[in-house]
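Numbering (the working numbering), first residue to last: 165 to 467.
Ideal Cβ placement from N, Cα and C applies to all residues, glycine included.
On a predicted model such as this, the values are computed, not experimentally measured, just so you know.
Data block below; observations after.
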């Protein structure tokens with residue numbers, strides 16, 4: 165077993181011991197509340213779907229800047245996990261003034277407020293992430309955004325994907341990014357919500373549901389490692405990775421344009437690679453621009 169895996173295993177063991185972990189527990193004593201449905205106010209010609217991937221989400225920014233430079237702006241953004249962070253900032257400020265500086269300087273210290281040994285539900289409280297969003301968003305609620313946005317989270321009890329498009333943006337993004345086992349679930353609408361990637365990592369069908377004529381989906385998740393795992397933790401992780409990749413690939417087949425970044429060996433919080441992730445996003449979209457422009461040119465202009 166590698167040194168990192170051993171240390172992680174020991175940390176998990178200590179965490180379980182001190183937090184009084186139980187295999188099962190009552191999630192909620194009441195009935196889950198109703199989540200307000202997204203209100204479609206104008207037809208959706210182009211939808212942009214942004215998937216999750218931790219620090220690899222910086223590629224979304226580069227991709228969006230290339231699309232904007234080409235005059236391609238979506239009528240709807242659907243974001244999951246890291247995609248919800250970038251998607252919210254873009255929907256708030258389509259001109260992206262200051263967004264590049266904000267995201268490229270983003271580090272784990274901006275997002276991780278540790279609760280280690282204080283909570284059995286997660287190592288990270290999640291308030292720091294929500295505070296980061298509140299500080300950098302001009303809009304506080306979804307209704308104020310310049311581009312309509314839907315953020316995807318997962319109901320921890322039912323396992324269903326939950327579409328968030330009302331109330332405070334920062335809370336919704338916090339729920340969408342609440343990676344299970346690391347971040348504490350977010351309690352919203354009488355539900356415990358976790359990372360949207362657990363149920364719908366690339367929510368293309370959500371965009372389709374609201375009538376999007378063209379869906380551009382960006383996948384910033386990693387490919388399966390080419391090297392087989394050699395210890396129990398690696399085997400468990402690969403099992404999860406396989407399930408995740410299946411969900412991603414199934415969703416991407418429903419998109420008109422699938423932009424795969426195909427990262428490998430990039431950690432969830434590899435903020436030292438921010439500029440590299442960002443440039444990869446620009447490069448990938450630049451290569452696909454002729455195809456994207458051709459597809460968009462076939463669409464009738466708005467009357």
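Are the CB atoms of residue i and residue j nearer to each other than 9 angstroms?
{"i": "residue 314", "j": "residue 240", "result": "yes"}
{"i": "residue 216", "j": "residue 359", "result": "yes"}
{"i": "residue 205", "j": "residue 256", "result": "no"}
{"i": "residue 203", "j": "residue 329", "result": "yes"}
{"i": "residue 343", "j": "residue 323", "result": "no"}
{"i": "residue 268", "j": "residue 292", "result": "no"}
{"i": "residue 374", "j": "residue 211", "result": "yes"}
{"i": "residue 242", "j": "residue 288", "result": "no"}
{"i": "residue 430", "j": "residue 247", "result": "no"}
{"i": "residue 244", "j": "residue 406", "result": "no"}
{"i": "residue 284", "j": "residue 319", "result": "no"}
{"i": "residue 371", "j": "residue 208", "result": "yes"}
Rounded to the nearest angstrom, what separates residue i and residue j at their Cα positions?
{"i": "residue 305", "j": "residue 331", "result": "5 angstroms"}
{"i": "residue 381", "j": "residue 411", "result": "14 angstroms"}
{"i": "residue 384", "j": "residue 448", "result": "11 angstroms"}
{"i": "residue 397", "j": "residue 237", "result": "42 angstroms"}
{"i": "residue 234", "j": "residue 453", "result": "8 angstroms"}
{"i": "residue 480", "j": "residue 325", "result": "As shown, the chain starts at 165 and ends at 467. That puts residue 480 outside it, with no answer to give."}
{"i": "residue 264", "j": "residue 274", "result": "16 angstroms"}
{"i": "residue 230", "j": "residue 424", "result": "15 angstroms"}
{"i": "residue 301", "j": "residue 377", "result": "29 angstroms"}
{"i": "residue 415", "j": "residue 254", "result": "22 angstroms"}
{"i": "residue 341", "j": "residue 426", "result": "21 angstroms"}
{"i": "residue 409", "j": "residue 369", "result": "17 angstroms"}
{"i": "residue 417", "j": "residue 303", "result": "33 angstroms"}
{"i": "residue 201", "j": "residue 327", "result": "8 angstroms"}
{"i": "residue 433", "j": "residue 457", "result": "33 angstroms"}
Name the one or two DSSP bridge partners that residue i has.
{"i": "residue 338", "result": "Paired residues: none, contrary to the question."}
{"i": "residue 350", "result": "357"}
{"i": "residue 344", "result": "347"}
{"i": "residue 427", "result": "386"}
{"i": "residue 422", "result": "381"}
{"i": "residue 319", "result": "357"}
By the DSSP assignment, the alpha helix (DSSP H) with residue i in it spans what residues?
{"i": "residue 413", "result": "396-416"}
{"i": "residue 369", "result": "368-373"}
{"i": "residue 230", "result": "222-233"}
{"i": "residue 241", "result": "Taken as a continuous stretch (DSSP letters only), residue 241 belongs to no alpha helix (DSSP H), being part of the beta strand (DSSP E) at 240-244."}
{"i": "residue 264", "result": "263-268"}
Taking the beta strand (DSSP E) that residue i belongs to, which residues open and close that run?
{"i": "residue 236", "result": "Neither: residue 236 is in no beta strand (DSSP E) and is coded neither H nor E."}
Cβ contact check for the region 346-357 and the region 219-231: 3 or more pairs under 8 angstroms: no
At least three beta-carbon pairs within less than 8 angstroms, the region 388-397 to the region 440-459: The region 388-397 vs the region 440-459: no contact.
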